[in-house]
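For reference, each letter of the sequence shown is one residue, going 17 to 131 in the working numbering.
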Amino acid sequence: QVQLVESGGGLVPSGGSLRLSCASSRIFFSFKDMGWYRLAPGKQRELVASIAYGGNIHYADSVNGRFTISRDTAKNMIFLDMNLLKPDDTATYLCYVNTASQPHWGHGTQVTVFS
């Protein structure tokens, strides 16, 4: 059973920064894409950032230019660097890895941005 564990969330003032980390219990030698979603009360689930197997990176318009996704394949980790945070970024952030057989999800880490 694959485990994805997020960390790095917290309470931060508007304009601040956070780095989210996602540690995987196994190496993914092949996958479709991996990245981060977020869930906020009253809002639809949003794909924040993703990395495709071929290396293409996608960002939601709402975070483009402020967030950066990266991965460390040697450590089986995915990162999300978040800068210029806004109250609208408040959400639970979940990492995922989408393989050919099934998607794998973490339990999420809470990010709260106050003004």
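Don't be surprised by glycine CBs; every beta carbon is placed ideally from N, CA and C.
If you look at N99, you'll find it isn't in any beta strand (DSSP E); DSSP assigns it neither H nor E. The criterion of a C-beta distance shorter than 7 Å is not satisfied by W121 and Y109. By the Cβ-count criterion, R61 is exposed, with fewer than 16 other Cβ atoms from all chains shown falling within 10 Å of its own Cβ. The bridge partners DSSP lists for D49 are A68, N114. Take D105, set aside five residues on each side of it, and the residues of its chain with a beta-carbon closer than 6 Å to its own are V129, in chain order.
Boundaries of the beta strand (DSSP E) around G26: 26-29. A direct Cα-to-Cα measurement between V127 and A65 gives close to 15 Å.
DSSP links Q126 through a beta bridge to T108.
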